[in-house]
Amino acid sequence: MTRLLAMAGYVYQSAAAIILIFAISHLLPAADYTNFSLALASSQLLCVLMFEWLQLAGLRFLAAAKENEAARLRWSLFAAGLSSAAALVVVGSCASLASVLPTGIVALGLGISVLQGLTDLYFLSVRLSDRLGIASFLLALRATALLIGAAAGAMISGTAEAALLGIASGHALGLLAGLVAYRTPMERVSLQAMMADWKDFSRYGMLAAGASVIHLSVPVLLRVIVLGRLGATGAGAGFSIALDLLQRPFWVLNAAIHTVSYPEVVNDFEHGGSAKSVQSARRMFEFMICTTLVLLGGLIGFIPDAARILVPQASLDGFLETAPTVAAFYFLHTHLQATIAVVPHLEKLATRLVVVAASQLALVVSFAVVAVSTGLSPRAAVSYASLATLATILVALGPTLRFEAFPRWPLVMQAGVAAILIGSLGSIPTEPAAWLAGKIAIAAIATAVIGWRGDFLMLARRG
Numbered sequence: 001m002t003r004l005l006a007m008a009g010y011v012y013q014s015a016a017a018i019i020l021i022f023a024i025s026h027l028l029p030a031a032d033y034t035n036f037s038l039a040l041a042s043s044q045l046l047c048v049l050m051f052e053w054l055q056l057a058g059l060r061f062l063a064a065a066k067e068n069e070a071a072r073l074r075w076s077l078f079a080a081g082l083s084s085a086a087a088l089v090v091v092g093s094c095a096s097l098a099s100v101l102p103t104g105i106v107a108l109g110l111g112i113s114v115l116q117g118l119t120d121l122y123f124l125s126v127r128l129s130d131r132l133g134i135a136s137f138l139l140a141l142r143a144t145a146l147l148i149g150a151a152a153g154a155m156i157s158g159t160a161e162a163a164l165l166g167i168a169s170g171h172a173l174g175l176l177a178g179l180v181a182y183r184t185p186m187e188r189v190s191l192q193a194m195m196a197d198w199k200d201f202s203r204y205g206m207l208a209a210g211a212s213v214i215h216l217s218v219p220v221l222l223r224v225i226v227l228g229r230l231g232a233t234g235a236g237a238g239f240s241i242a243l244d245l246l247q248r249p250f251w252v253l254n255a256a257i258h259t260v261s262y263p264e265v266v267n268d269f270e271h272g273g274s275a276k277s278v279q280s281a282r283r284m285f286e287f288m289i290c291t292t293l294v295l296l297g298g299l300i301g302f303i304p305d306a307a308r309i310l311v312p313q314a315s316l317d318g319f320l321e322t323a324p325t326v327a328a329f330y331f332l333h334t335h336l337q338a339t340i341a342v343v344p345h346l347e348k349l350a351t352r353l354v355v356v357a358a359s360q361l362a363l364v365v366s367f368a369v370v371a372v373s374t375g376l377s378p379r380a381a382v383s384y385a386s387l388a389t390l391a392t393i394l395v396a397l398g399p400t401l402r403f404e405a406f407p408r409w410p411l412v413m414q415a416g417v418a419a420i421l422i423g424s425l426g427s428i429p430t431e432p433a434a435w436l437a438g439k440i441a442i443a444a445i446a447t448a449v450i451g452w453r454g455d456f457l458m459l460a461r462r463g
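Once you know that position 337 of the sequence shown is 337 in my numbering, the rest is easy, because the numbers rise by one and skip nothing.
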């Protein structure tokens, strides 16, 4: 039941993030929303750059650690987190001198990076202290605070700075709530022991985080390339909304599955033997592939209808033109960054992760630049980026194939059929209301069938 509630909490986060994007796009002028979107995306990149190595190292080492060892590792982890935060403030302040964004927006972006990084690190430690329910509640609480804070700032002031201040306040509230809700056990260690832990963290974590930074840079650079042609226009804002909106469901769903399943996969890999490790990894792969396929179908089938109601009229055409291809791109991008990377993470093949990520970045940027420079549409540029990402996936499959944790392909095919069915609902009108209710019912039934066929609901009840 706890795992089922955790999944529901992540779905709530995704919904809150979608509502936030729609709300801010309505409350801010197109130029301010473009600045808000760029600053938020940049802050995410900085957060990954400075804190992802600790997230990955903490997840990989804490998931398999015994309680006494875990308390010691947490001390080293948080000490490294505070050091990373200080370094981010110093280096980011110097780098901001070359930014084209206003100083206030840059400062708020740096603050958001620091607060999000520390909050995510603390929530991870709560989850790996066998407090999945508390961690899920804290994540949902933070999502609510982010939505209310950003919307209130944009509504009161109508500026990108105010909306970003609301985001920063939401992260600060989440961290405070986490400290109040659960104090993770920690054991103070000597400087020598802490440095030894940092060495272990950095040997694996920094390379793995480098791969994450590169992967995160892909949509950021894709945005820069396309906006370089569109500018701060309604079409540019619509494209930015598509990039902001459609990455969130995939990211949140992937994070939910990793939170629920990955610690068990790591523990089985370290302590459970080969057969058990392959079995748990196979189930995780099925969970990720099937749910994201159905999600892709749902986005294609329902987001256009919601957009006509929620996206500002000036940005609607730009959004509708690119939304389906952006959704397909994020589907592939998520599986390259998450699914294909599971086995290399288990085997600590961090250098391979960096090579794969760099290959995707080089291909996507090259393809997108060619598309834009030859006068192709933003939709074509994103399609080229998707082809580049698919090519990288095919090249990077080696460790996963050798691990032999193959999903049940009939189940994957059934999920694909369900995705096509749900996606095709986009051609059915949503008025009168009975048609919309029918579409929702069909999508819900198809999703439930895949969940039942994959035994994913039973997986959730085992927690």
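For glycine and all other residues, C-beta sits at the position ideal for the given N, C-alpha and C.
All of these numbers come straight from a predicted model, not from anything done at the bench.
To which residues of the same chain is residue i closer than 6 Å at the C-beta, ignoring the five residues directly before and after it?
i: ASN254; result: THR334, ALA338
i: SER129; result: THR184
i: VAL365; result: LEU221
i: MET206; result: TRP53
i: ALA8; result: none
Rounding to the nearest angstrom, what Cα-Cα distance links residue i and residue j in this structure?
i: GLY181; j: SER84; result: The question names Gly, yet the displayed sequence has Ala at residue 181. Those two C-alpha atoms are separated by around 24 Å.
i: TRP53; j: ARG352; result: 15 Å
i: LEU459; j: ARG282; result: Residue placement at LEU459 is flagged as unreliable, the pLDDT there being 48, under the threshold of 50; the coordinate-derived value follows with that caveat. Taking the straight line from one Cα to the other gives about 13 Å.
i: ILE167; j: ALA107; result: 13 Å
i: ALA242; j: LEU397; result: 29 Å
i: VAL449; j: ARG203; result: 43 Å
i: ARG248; j: LYS199; result: 33 Å
i: LEU369; j: PRO219; result: Sequence inspection shows Val at residue 369; the Leu mentioned does not correspond to that position. Distance between the alpha carbons of VAL369 and PRO219 is about 13 Å.
i: PHE403; j: LEU349; result: 13 Å
i: GLY298; j: PHE61; result: 36 Å
i: ASN68; j: VAL189; result: 12 Å
i: ALA87; j: VAL354; result: 23 Å
i: CYS169; j: LEU175; result: Here residue 169 is Ser; the residue named in the question, Cys, does not match the sequence. For SER169 and LEU175, the distance between alpha carbons rounds to 10 Å.
i: ALA63; j: VAL266; result: 7 Å
i: GLY153; j: ALA162; result: 5 Å
i: MET155; j: ASP317; result: 24 Å
Give every residue of the same chain whose Cβ lies closer than 7 Å to the Cβ of residue i, excluding the five residues on either side of it in the sequence, and list them in chain order.
i: GLN55; result: ASP120, LEU121, LEU124
i: ARG127; result: ALA135, THR259
i: LEU411; result: GLU286, CYS290, ARG453, GLY454
i: VAL11; result: none
i: SER280; result: GLU264, VAL265, ASP268
i: ALA140; result: GLY9, TYR12, GLN13
Would the beta-carbon of residue i fall within 8 Å of that of residue j?
i: LEU138; j: ALA177; result: yes
i: GLU286; j: PRO407; result: yes
i: GLY423; j: ILE300; result: yes
i: PRO304; j: ALA327; result: no
i: THR159; j: ASP244; result: no
i: PHE239; j: LEU346; result: no
i: SER547; j: GLY109; result: As shown, the chain starts at 1 and ends at 463. That puts residue 547 outside it, with no answer to give.
i: ALA380; j: ALA371; result: yes
i: LEU40; j: SER113; result: no
i: ALA15; j: HIS215; result: no
i: VAL294; j: THR447; result: yes
i: TYR262; j: LEU401; result: no
i: PHE331; j: THR292; result: yes
i: GLN13; j: ALA143; result: yes
i: ILE340; j: ILE393; result: yes
i: VAL278; j: ALA443; result: no
i: PHE319; j: ALA307; result: yes
i: LEU296; j: ALA388; result: no
i: LEU20; j: ALA172; result: no
i: PHE51; j: GLY117; result: yes
Which of the three DSSP states, helix, strand or coil, is assigned to residue i?
i: LEU436; result: helix
i: LEU28; result: coil
i: PRO429; result: coil
i: LEU349; result: coil
i: ARG183; result: coil
i: SER377; result: coil
i: GLY454; result: coil
i: PRO102; result: coil
i: ILE340; result: coil
i: SER76; result: helix
i: VAL90; result: helix
i: GLY272; result: coil
i: PRO263; result: helix
i: GLU404; result: coil
i: ALA65; result: coil
i: ALA211; result: helix
Less than 8 Å between C-beta atoms, sequence neighbours within five positions excluded: which residues of the same chain meet that for residue i?
i: ILE18; result: LEU245, ARG248, PRO249
i: VAL342; result: TYR262, VAL265, ALA281, MET284, PHE285, THR400
Does residue i get closer than 8 Å to chain B when you measure Cβ to Cβ?
i: LEU118; result: Within the model displayed, chain B is absent; a lone protein chain is all it includes.
Is it the case that the segment 402-420 contacts the segment 442-453, given that we only count it when at least three CB pairs across the two stretches are under 8 Å? Touching, per the Cβ criterion.
I want to know whether the segment 75-82 touches the segment 183-202 - three or more CB-CB distances under 8 Å. The segment 75-82 vs the segment 183-202: in contact.
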